[in-house]
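Beneath this line is the structure, given in structure tokens, with notes to follow.
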Amino acid sequence: MSSTAPEDVARPLLALPAIEAFDAIVRGRRSVRSYADVQVPRRTVRDVLELAARAPSNSNVQPWHTYVLTGRHKRALTDSVLRYYDTIGRTVREFDYQPGPDGWEEPYKERRESFGEGLYGRALGLSLADVDDREFYHRRNYDFFAAPVGLIVTVARNPRLSALIDAGAYIQTILLSARSRGLSTCAQASFLDFHPAVRECLAIPTHRTIVCGISLGYEDAQHPIASNATTREPVDRHVTFLWDDDD
886 MSSTAPEDVA
896 RPLLALPAIE
906 AFDAIVRGRR
916 SVRSYADVQV
926 PRRTVRDVLE
936 LAARAPSNSN
946 VQPWHTYVLT
956 GRHKRALTDS
966 VLRYYDTIGR
976 TVREFDYQPG
986 PDGWEEPYKE
996 RRESFGEGLY
1006 GRALGLSLAD
1016 VDDREFYHRR
1026 NYDFFAAPVG
1036 LIVTVARNPR
1046 LSALIDAGAY
1056 IQTILLSARS
1066 RGLSTCAQAS
1076 FLDFHPAVRE
1086 CLAIPTHRTI
1096 VCGISLGYED
1106 AQHPIASNAT
1116 TREPVDRHVT
1126 FLWDDDD
């Protein structure tokens, strides 16, 4: 099994000016859904999270708390969630920060469908009729796509909306901090689908809200799903410049 070694990512960055290095980290970050069976040092994960805590938060309240799982602890969470999945057979979310499949408006509906086609269709070669195979790959969400490290990010329940904004900055900093160390990641809203199982397994107190999971490890670049790539809209599609002509 081939993986992307950390030095393949991190070492070239050392020779770049700061702006170019940062740009390379941001552009190199992808949502990776295939991981090599290579352990990540605990010190490295700690460094990633220590840097992520430098993310901005409203009035510096720092509302986040992250659970880091490896080995038997990660397996226990996966077993718990899949048992809930198979028993309940439907999602049980504590709250929704996104609509259901039929609730998206354009242009977001088209972008979401294009993403799904790229992931399941082009990368994995699955059609809509391949229900069992799609289900198999969907269930891999709850094993953190076989990544050696799984994170569950939570925030304070009160005030939740403010804390969720802070969580976005914190999560992005985790992803970039990991990438700068040669690690790959995938932020996963899927763990919200069965939040009672996650909460019970990790003994998450009621004053905290589960935001997402994050897979963390070294990419298995040979897996077919590694070929999936996404695009971004040009800046003029998402930015309005109110700019004095003489500036």
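Each position in the sequence shown, counted from 1, maps to that position plus 885 in this note's numbering. Even for Gly, the Cβ is constructed at its ideal location relative to N, Cα and C. Quick caveat, the model's predicted, so the values are computed rather than measured.
State yes or no: is the C-beta of residue i within less than 8 Å of the C-beta of residue j?
| i | j | result |
| --- | --- | --- |
| Phe1000 | Ser1100 | no |
| Tyr982 | Leu1049 | yes |
| Val930 | Val953 | yes |
| Val1096 | Val1038 | yes |
Determine the DSSP secondary structure at residue i, reduced to helix, strand or coil.
| i | result |
| --- | --- |
| Phe980 | coil |
| Ile1089 | coil |
| Thr1039 | strand |
| Phe1126 | coil |
| Ser919 | coil |
| Thr1115 | coil |
| His1108 | coil |
Along the chain, where does the beta strand (DSSP E) that runs through residue i open and close?
| i | result |
| --- | --- |
| Met1095 | Note that residue 1095 corresponds to Ile in the displayed sequence, not to Met. It spans Arg1093 to Gly1102 - the beta strand (DSSP E) in which Ile1095 sits, taken as one unbroken run. |
| Ser1069 | Ser1069 to Gln1073 |
| Val953 | Trp949 to Leu954 |
Within its chain, find whatever has a CB closer than 8 Å to the CB of residue i; leave out the 5 residues flanking it on each side and keep chain order.
| i | result |
| --- | --- |
| Leu1061 | Ile910, Val911 and Arg914 |
| Ser965 | Ala1082, Val1083, Glu1085 and Cys1086 |
In the DSSP assignment, find the alpha helix (DSSP H) that holds residue i and state where it starts and stops.
| i | result |
| --- | --- |
| Ala1031 | Premise fails: Ala1031 is in no alpha helix (DSSP H) and is neither H nor E. |
| Ser999 | Tyr993 to Gly1001 |
| Phe1076 | Phe1076 -> no alpha helix (DSSP H), and no H or E assigned at all. |
| Gly1053 | Arg1045 to Ser1065 |
| Tyr1005 | That residue, Tyr1005, is in no alpha helix (DSSP H); it is neither H nor E in DSSP. |
Residues in the same chain with beta-carbon distance under 6 Å from residue i, minus the five sequence neighbours each way, listed in chain order, please.
| i | result |
| --- | --- |
| Arg1045 | Thr1094 |
| Ser1075 | Asn1026 |
Is residue i buried or exposed, if buried means 16 or more other CB atoms sit within 10 Å of its CB?
| i | result |
| --- | --- |
| Leu1013 | exposed |
| Ala921 | buried |
| Asn1113 | buried |
| Trp949 | buried |
Within the same chain, show all residues whose beta-carbon is closer than 7 Å to that of residue i, passing over the 5 residues directly before and after it, in chain order.
| i | result |
| --- | --- |
| Ala940 | Ala1054, Tyr1055 and Thr1058 |
| Lys959 | Phe1029 and Gly1035 |
| Ile963 | At residue 963 the sequence reads Thr, which differs from the Ile that was named. Cβ neighbours of Thr963 beyond the five flanking positions: Tyr1027 and Asp1028. |
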